[in-house]
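The block underneath contains the structure these notes are about, expressed in structure tokens.
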């Protein structure tokens, strides 16, 4: 073998090894970026946003059984009529805030809901009857909310569980994805 061909094969070997090192660097960089994206996604979906599937028709027609509910965990203040995700005895529920702390809730025999003496109807088409456990008029304690489902005759809500402590509110529903054969 001539000196020129030895030099050329040595250059090819060096070039091949350099390309292999660059490939390894590229794969390591890609893996690092994928891991960072996965961590950022995990952080967003567990600490900032909330993803859960609605079970039951307690919020029908606003939220249907099987809908994917997306909530925001960092909500500071909740207003009346906000739809929230909350937990009671380890189970996740979706409901609408009917009254906040220090509000007085009254349920009449004809199914009317009064908050601080004002009738609350909105778009809810079902009557709101009292259930066993709470006596009305009921004053919502500090750091609690009174939550009702929209399908008032077929839901479990604050009439069953009592007021919901703010520490058990997971987040405010910001949107939902309808389940259509998923």
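Numbering (our numbering), first residue to last: -13 to 168. Virtual Cβ for every residue (Gly too), placed ideally from N, Cα, C.
Where residue i falls, given that 16 or more other Cβ within 10 Å makes a residue buried
i           : result
residue 3   : exposed
residue 195 : In the structure as shown, the chain starts at -13 and stops at 168, and residue 195 therefore has no counterpart that could be examined.
residue 144 : buried
residue 113 : exposed
residue -4  : exposed
residue 51  : exposed
residue 0   : exposed
CA-to-CA distance, residue j to residue i, given in whole angstroms
i          : j           : result
residue 22 : residue 8   : 21 Å
residue 55 : residue 46  : 13 Å
residue 31 : residue 63  : 21 Å
residue 95 : residue 35  : 40 Å
residue 98 : residue 153 : 29 Å
residue 27 : residue 58  : 15 Å
Delimiting residues of the alpha helix (DSSP H) encompassing residue i
i           : result
residue 147 : 144 to 147
Nearest-angstrom beta carbon gap, residue j and residue i [assumed within contact, 8 Å]
i           : j           : result
residue 101 : residue 122 : The pair is not a contact, with the Cβ atoms about 11 Å apart (cut-off 8 Å).
residue 146 : residue 117 : 6 Å
Segment limits, beta strand (DSSP E) that includes residue i
i           : result
residue 81  : 77 to 85
residue 65  : Residue 65 -> no beta strand (DSSP E), and no H or E assigned at all.
residue 46  : Note, residue 46: premise wrong, no beta strand (DSSP E); not H, not E.
residue 158 : 155 to 163
Whether or not the region 147 to 163 and the region 99 to 112 are in contact is what I'm after, with contact meaning three or more pairs of Cβ atoms, one per stretch, closer than 8 Å; do they touch? no
Is the region 71 to 82 close to the region 26 to 45, with three or more CB pairs under 8 Å? yes
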